[in-house]
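Data first, discussion second: the structure below is written as structure tokens.
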Amino acid sequence: MNDVERQLKHALRRCDPPANFANRVLARVAAENEEPALRPGTHRFRLSWPSLRWAVAAIVLLIVTVMGYRIHERRVEEAQALAAKRQVMIALRITGAKLRIAKQRVRAVEEGQEKTGKTL
Amino acid sequence: MNRIGILFVLTVTMVAGGWAQELKMPVDLDKLAAKASETTEVTLNGHMLQLAAKFMNDEDDREARELVKKLKGIYVRSFEFDGAGEYSEADVEAVRSQLKPPLWEKVVGVRSKRDGENAEVYFKTDNSDVIAGLVVIAADPKELTIVHIDGPLDPSDLEKIGGDFGVPRIEAQAKPKPVKAGAR
């Protein structure tokens, strides 16, 4: 065995790890896997399944409420419009009837005047 | 008076007006509803007319829709009474007194002393040839009807309404001179 071989054997000799080595390695790994710390004043929102369900439910409720209100509003507007339409028709019918009466009276007067003229 | 006070007075004035700006519904006329056996009251401003026009989609409504879209208001007060003398000449005069030249032109005025039936038609005139409004006052001993249509009307509109609106084409186009007559 020459000198080189002796040095190599010495360097590669079996030796036991220092005490608590395994625990320190595991602790180091755990520390590296930890998420970075938040800045002061900031909060992390963790979207867990229950909170996600509540959020979805709230959105659905909001959409249903808005749509319901729109439908109700539309129905009210339709009812108002139909009532207004009925009133328009009544008003135009009355106007037409009264104008016809006026026209008939004017004709009657004109006919009376014509007859008077012929008689004279 | 502060701003709120002025705004309040303006609002009350506008709301109390009831009719369109120029023609105000006399308060006494509305009191006639209590005496009347049958009352028809129509108050439609421009907004309501536009709303009504949106729902006039039937082919039968087409002509009425085209007319209504142009109008600013339709106001009708019609009272039927069981007996004569339930309304006074002052009630009618309160409306008639507002229909004065140059804004209003009386185109028909027929009065029958024999049966007490009166019919008056007024056109609102402006600088253009288009009629800017129409008022009809029809009165007999047991019935009083006042119609105010506010907005532009051309002679064809008058013909269209109700199939035959009632105002003869020639008379309407020519803006006829007032016809005043006594007993038939």
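Chain order of the listed sequences is A and B. Quick note: the first sequence, position 43, residue 46 per our numbering, numbers continuous. Quick note: the second sequence, position 128, residue 430 per our numbering, numbers continuous. Think of the CB as a built atom: it goes at the ideal place given N, C-alpha and C, for glycine as much as any other residue. Model, not experiment: these values are computed from the prediction.
- Message: Just to confirm my understanding: we take residue 428 of chain B, look at its own chain, exclude 5 residues before and 5 after, and list those with CB closer than 7 Å. What are they?
- Response: 434
- Identify every run of the alpha helix (DSSP H) within the segment 416 to 462 of chain B, keeping only runs that are complete inside it and at least 4 residues long; order them along the chain. 457 to 462
- Query: Closest Cβ-Cβ distance between residue 262 of chain B and chain A: below 8 Å?
  - Reply: Residue 262 of chain B is absent from the model: chain B starts at 303 and stops at 486.
- Item | Sequence-distant residues of its chain with Cβ nearer than 8 Å to residue 358 of chain B (five each side left out) | 364, 366, 367, 370
- For residue 413 of chain B, name the three-state secondary structure that DSSP assigns. In this structure, residue 413 of chain B counts as strand in the three-state DSSP scheme.
- Task: Can you give me the Cβ contacts of residue 289 of chain B inside the same chain, cut-off strictly under 6 Å, excluding the 5 residues immediately before and after it?
- Result: The structure shown does not extend to residue 289 of chain B, since chain B spans only 303 to 486, so no value can be given for it.
- Looking at residue 415 of chain B and residue 383 of chain B, is the spacing between their C-beta atoms short of 8 Å? no
- Item | First through last residue of the alpha helix (DSSP H) which encompasses residue 11 of chain A | 6 to 14
- Message: Would you say the beta carbon of residue 19 of chain A is closer than 7 Å to some non-hydrogen atom of the ligand ADP?
- Response: Ligands are entirely absent from the displayed structure, and the ligand ADP is therefore not among its contents.
- Query: How close, in whole Å, do the beta carbons of residue 451 of chain B and residue 91 of chain A come, if the pair is a contact with beta carbons under 8 Å?
  - Reply: Actually they are not in contact, since the Cβ atoms of residue 451 of chain B and residue 91 of chain A sit about 11 Å apart, beyond 8 Å.
- Query: residue 84 of chain A versus chain B: which residues are under 8 Å apart at the beta carbon?
  - Reply: 353, 354, 356, 357
- Task: Report yes or no: do three or more beta-carbon pairs, one from the segment 391 to 405 of chain B and one from the segment 345 to 361 of chain B, lie closer than 8 Å?
- Result: no
- Message: Just checking: is the beta-carbon of residue 101 of chain A within a distance shorter than 8 Å of some beta-carbon in chain B?
- Response: yes
- Exposed or buried, which one is residue 6 of chain A when buried takes at least 16 other CB atoms within 10 Å? exposed
- Under 7 Å between beta-carbons, which chain A residues line up against residue 433 of chain B? List them in chain order, please. Those within 7 Å of residue 433 of chain B in chain A number zero; the least Cβ separation is about 13 Å.
- Message: On the DSSP letters alone, give me the boundaries of the alpha helix (DSSP H) that residue 391 of chain B sits inside.
- Response: It spans 391 to 398 - the alpha helix (DSSP H) in which residue 391 of chain B sits, taken as one unbroken run.
- Would you mind giving the Cβ-Cβ distance between residue 104 of chain A and residue 449 of chain B, rounded to the nearest angstrom? I have them listed as a contact below 8 Å. That belief does not hold up - the Cβ atoms of residue 104 of chain A and residue 449 of chain B are roughly 12 Å apart, past 8 Å.
- Item | Of the listed residues B/373, B/456, B/361, nearest to residue 345 of chain B (C-alpha basis) | B/373
- Query: So which residues of chain A does residue 394 of chain B contact, with C-beta pairs closer than 9 Å?
  - Reply: Residues of chain A passing the Cβ test: none, with the nearest at roughly 14 Å.
- Query: Measuring CA to CA, which of B/454, B/437, B/386 is closest to residue 399 of chain B?
  - Reply: Taking the Cα of residue 399 of chain B as reference, the smallest distance to any Cα among B/454, B/437, B/386 is reached at B/437.
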